[in-house]
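A.B. asks: Residue numbering for the sequence shown is 1 to 415, as defined by full-length UniProt numbering. One structure is given below, represented as structure tokens, and several questions about it will come after.
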Amino acid sequence: MGIFERDTEIYLDRDALREDYQPENLVGRDTELDRYKAALQPVINGEQPNNIFLYGKTGVGKTAGTRYLIDHLKADAAQYEDIDLTVEMLNCDGLSSSYQIATRLVNEFRNETNQISTTGYPRATVYDMLWTELDSCGGTIYIVLDEVDHIQDDSILYQLPRARANENLSSAKIGIIGISNDFSFRDNLSPKVKSSLCEEEIQFPAYDANELIKILEQRAEVAFHEGVLEDGVIELCAAYGAKDAGDARQSLDLLMKAGDLARDKETDTISDDLVREARDVLERGRIREGISGLTQHGHLVVYALVTLDQEGKTPVRTRDIRPRYTNFAEKAGIDPLVPRRMRDHLGELSMLGIISAIERNEGRRGGTYREYSVEMDPKMILSALEDTVDDVGIHTSVADLIDRDVTLSDFESAS
1 MGIFERDTEI
11 YLDRDALRED
21 YQPENLVGRD
31 TELDRYKAAL
41 QPVINGEQPN
51 NIFLYGKTGV
61 GKTAGTRYLI
71 DHLKADAAQY
81 EDIDLTVEML
91 NCDGLSSSYQ
101 IATRLVNEFR
111 NETNQISTTG
121 YPRATVYDML
131 WTELDSCGGT
141 IYIVLDEVDH
151 IQDDSILYQL
161 PRARANENLS
171 SAKIGIIGIS
181 NDFSFRDNLS
191 PKVKSSLCEE
201 EIQFPAYDAN
211 ELIKILEQRA
221 EVAFHEGVLE
231 DGVIELCAAY
241 GAKDAGDARQ
251 SLDLLMKAGD
261 LARDKETDTI
271 SDDLVREARD
281 VLERGRIREG
291 ISGLTQHGHL
301 VVYALVTLDQ
311 EGKTPVRTRD
321 IRPRYTNFAE
331 KAGIDPLVPR
341 RMRDHLGELS
351 MLGIISAIER
361 NEGRRGGTYR
371 EYSVEMDPKM
381 ILSALEDTVD
391 DVGIHTSVAD
401 LIDRDVTLSD
411 FESAS
């Protein structure tokens with residue numbers, strides 16, 4: 001017998017808990033999918049496709065809903081002889097410019113022997129190549145740009161939706177689907193791009209606990225052997241997911257980690273205690289990964305917010321975080337960022353789930369603003385900010401939380 005043996009006690013199909021698993025039906029997104037389906041309907045009618053913009057936090061079903069409806073759209077379109085539908089899905093993570101997007105699209109439509117270099121061409125030349133490839137493909141073409149907020153210039157977002165109107169295309173009918181986790185991305189688009197890209201806008205709100213329960217029950221039925229989940233496990237995972245900004249991905253990750261712990265410990269069932277242990281492991285990992293990817297200013301911003309949280313002053317507006325952040329920057333010997341750049345760091349921290357943001361609307365007099373709170377364990381965050389705390393000093397509000405002899409790695413080894 002080899003050193004590896006197949007586990008058959010806990011999981012039937014562990015992959016059913018993964019992000020890329022596509023269930024036969026999506027639960028908890030009926031309203032959003034109905035609107036999305038209506039926005040895609042012109043394809044089946046043989047009409048010019050709509051440009052669609054989806055936004056919402058991570059893990060709320062934007063990409064999963066897109067895959068689900070696009071798969072059905074392609075299958076249904078194939079029944080009509082006068083519809084020739086092509087869909088290209090592109091994740092923009094790592095593609096920061098319109099030039100990079102355009103060259104990637106040219107190569108997606110070309111065969112492997114006729115690829116172009118990702119550098120060295122004038123942008124206008126690359127666009128001409130793209131129009132040629134799109135017209136050669138012909139029919140209806142949907143280009144899906146997931147995480148579209150990574151694109152730092154909006155040229156491609158203007159050129160693609162208007163390619164036919166600008167007579168760059170003669171036969172192909174182009175539609176764009178932009179998917180963003182960043183609520184401010186749409187607001188920062190130029191008016192001409194916004195009017196073209198955002199013909200149809202669909203916001204995907206956070207899942208509530210009941211919706212997360214339905215999702216987890218659907219996946220668990222496929223993933224686990226009967227009787228493995230103890231009573232209350234799914235409800236606990238859903239409750240944590242609802243607290244973590246209504247993120248289905250985090251709820252599924254939590255259930256999978258609890259299953260992995262059960263397998264590692266060679267237990268027969270998954271209990272509430274294993275879920276809580278799994279949550280601690282995942283939260284430490286998210287804090288480590290999230291904070292390690294931040295700049296020094298990002299560390300100072302989150303340190304400022306943690307100290308305000310410990311003083312009982314959260315949720316708090318950006319303008320009230322700024323004095324504390326500015327003070328910390330000066331103590332660290334660096335110039336503080338302008339308010340807009342500081343807000344960008346708060347937005348990034350919110351997307352990472354380290355902090356939470358609530359939008360307030362005070363009407364004409366007060367305007368719209370956001371208030372921020374700490375979302376994860378402050379003690380774990382401070383452990384990950386050890387170097388920042390050394391640079392700035394221990395603020396009195398967090399002195400009781402900081403053990404000079406304990407780091408985040410020690411937390412992990414102690415668990």
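Cβ coordinates follow ideal geometry from the N, Cα and C atoms, glycine included. None of the values given here were measured: they were computed from a predicted structure.
Can we say the region 287-299 touches the region 263-270, given the rule of at least three CB pairs closer than 8 Å?
C.D. replies: No: fewer than three Cβ pairs fall under 8 Å.
A.B. asks: Pick helix, strand or coil for Val392, following the three-state DSSP scheme.
C.D. replies: Working through the sequence shown from its first residue, we reach residue 392 at position 392. Helix, per DSSP.
A.B. asks: Taking 8 Å as the threshold, find out whether the region 18-32 comes into contact with the region 154-170 through three or more Cβ pairs.
C.D. replies: The region 18-32 vs the region 154-170: no contact.
A.B. asks: What are the boundary residues of the beta strand (DSSP E) that includes Gln203?
C.D. replies: Counting from 1 along the sequence shown, the entry for residue 203 is found at position 203. Gln203 -> beta strand (DSSP E) spans 200-203.
A.B. asks: In the DSSP output, what is Arg317 paired with across the bridge?
C.D. replies: If you number the sequence shown from 1, residue 317 lands on position 317. Glu371.
A.B. asks: Looking only at its own chain, which residues have a Cβ that is under 7 Å from the Cβ of Ala304, when we skip the five neighbours before and after it?
C.D. replies: Residue numbering aside, residue 304 sits at position 304 when the sequence shown is read from its first letter. Same-chain partners within the cutoff: Ile321, Arg324, Tyr325, Phe328.
A.B. asks: Which partner residues does Tyr142 have in the DSSP bridge list?
C.D. replies: In the sequence shown, the residue the question calls residue 142 occupies position 142. In the DSSP output, where bridge partners are listed per residue, Tyr142 has Val87, Gly175.
A.B. asks: Can you give the Cα-Cα distance for Met256 and Val392, rounded to whole angstroms?
C.D. replies: Position 256 of the sequence shown, counted from the first residue, corresponds to residue 256. Position 392 of the sequence shown, counted from the first residue, corresponds to residue 392. Approximately 39 Å, taken between the alpha carbons.
A.B. asks: Could you give the DSSP three-state label for Asn210: helix, strand or coil?
C.D. replies: The residue labelled residue 210 in the question sits at position 210 within the sequence shown. In the structure shown, Asn210 sits in a helix (DSSP, three-state: H, G or I).
A.B. asks: Say whether the region 134-154 touches the region 24-32, bearing in mind that this needs 3 or more beta-carbon pairs closer than 8 Å, one atom from each stretch.
C.D. replies: Touching, no.
A.B. asks: Leaving out five residues on either side along the sequence, give the residues of the same chain with a beta carbon under 6 Å from the beta carbon of Ile143.
C.D. replies: For this step, residue 143 is matched to residue 143 along the sequence shown. Glu88, Ile176.
A.B. asks: Is DSSP giving Ser180 helix, strand or coil here?
C.D. replies: Along the sequence shown, one-based indexing puts residue 180 at 180. Correct three-state label for Ser180: strand.
A.B. asks: If we count Cβ pairs, one from each stretch, closer than 8 Å, do we get three or more for the region 197-216 versus the region 56-68?
C.D. replies: Verdict: yes, contact present.
A.B. asks: Taking residue 445 and Ser180 to be in contact with their CB atoms under 8 Å, please state how far apart those CB atoms are, rounded to whole angstroms.
C.D. replies: It is not possible to answer for residue 445, since the shown part of the chain is limited to 1 through 415.
A.B. asks: Would you grab the beta carbon distance between Leu229 and Ala220 for me? Rounded to a whole angstrom, and I think it's under 8 Å.
C.D. replies: Working through the sequence shown from its first residue, we reach residue 229 at position 229. Working through the sequence shown from its first residue, we reach residue 220 at position 220. So it is a contact: roughly 6 Å between Cβ atoms.
A.B. asks: Quick check on the burial criterion: 16 or more other C-beta atoms within 10 angstroms. Buried or exposed for Gln115?
C.D. replies: To locate residue 115, count along the sequence shown from 1; it is residue 115. It is exposed - the Cβ of Gln115 has fewer than 16 other Cβ atoms within 10 Å.
A.B. asks: Would you tell me roughly how many angstroms separate the C-alpha atoms of Ala384 and Arg286, rounded to the nearest one?
C.D. replies: Mapped onto the sequence shown, residue 384 falls at position 384. Mapped onto the sequence shown, residue 286 falls at position 286. Rounded to the nearest angstrom, the two C-alpha atoms are 11 Å apart.
A.B. asks: Can you tell which of Leu40, Ile358, Met351, Thr388 has the C-alpha that lies nearest to the C-alpha of Thr368?
C.D. replies: Within the sequence shown, numbered from 1, the residue matching residue 368 stands at position 368. That would be Ile358, whose Cα lies nearest to the Cα of Thr368.
A.B. asks: Tell me the rounded alpha-carbon separation between Leu157 and Glu371.
C.D. replies: Taking the sequence shown and counting its residues from 1, the one referred to as residue 157 is at position 157. Taking the sequence shown and counting its residues from 1, the one referred to as residue 371 is at position 371. Each residue's alpha carbon lies about 31 Å from the other.
A.B. asks: Rounded to whole angstroms, what is the Cα-Cα separation between Gly241 and Gly139?
C.D. replies: Along the sequence shown, one-based indexing puts residue 241 at 241. Along the sequence shown, one-based indexing puts residue 139 at 139. Going by the C-alpha atoms only, they are around 42 Å apart.
A.B. asks: Taking 9 Å as the threshold (C-beta atoms), are Leu145 and Ile101 in contact?
C.D. replies: Your numbering for residue 101 matches position 101 in the sequence shown. Your numbering for residue 145 matches position 145 in the sequence shown. In contact: Ile101 and Leu145 (Cβ atoms closer than 9 Å).
A.B. asks: Counting C-beta neighbours from all protein chains within 10 Å, is the total for Gln48 16 or more, i.e. buried, or is it exposed?
C.D. replies: Here the question's residue 48 lines up with position 48 in the sequence shown. Burial call: exposed.
A.B. asks: Considering only the alpha carbon of each residue, which of Ala206, Gly333, Ala172 lies closest to Lys57?
C.D. replies: As a position in the sequence shown, residue 57 is number 57, starting the count at 1. When only C-alpha atoms are compared, the closest one is Ala206.
A.B. asks: Grab me the residues of Asp15's own chain with a C-beta within less than 7 Å of its C-beta, minus the 5 sequence neighbours each way, in chain order.
C.D. replies: As a first step, residue 15 must be located in the sequence shown, where it is residue number 15. Here the set comprises Tyr21.
A.B. asks: Give the secondary structure of Arg6 by DSSP, where H, G and I count as helix, E and B as strand, and everything else as coil.
C.D. replies: Here the question's residue 6 lines up with position 6 in the sequence shown. Note: Arg6 maps to coil in three-state DSSP.
A.B. asks: Using 8 Å as the cut-off, classify the Cβ of Gly2 as near or not near the heavy atoms of the ligand FMN, replying yes or no.
C.D. replies: Here there are no bound small molecules, and the ligand FMN is not part of this structure.
A.B. asks: Buried or exposed for Phe4, please, with buried defined as at least 16 other CB atoms from any protein chain shown within 10 angstroms of its CB.
C.D. replies: Along the sequence shown, read from residue 1 onward, the residue named residue 4 stands at position 4. Result: exposed.
A.B. asks: Since Glu167 sits in a beta bridge, which residues does DSSP pair it with?
C.D. replies: The sequence position of residue 167 within the sequence shown is 167, counting from 1. Per DSSP, none; premise fails for Glu167.
A.B. asks: Ala38: buried (16+ other C-beta within 10 angstroms of its C-beta) or exposed?
C.D. replies: In the sequence shown, counting from the first residue as 1, residue 38 sits at position 38. Label assigned to Ala38: exposed.
A.B. asks: Have a look at Tyr36, Ser184, Thr396, Glu201 and flag the residue whose alpha-carbon is nearest the alpha-carbon of Leu68.
C.D. replies: The count along the sequence shown starts at 1 and reaches residue 68 at position 68. Sequence check: residue 68 is Tyr here, not Leu. Nearest of Tyr36, Ser184, Thr396, Glu201 to Tyr68, Cα basis: Tyr36.
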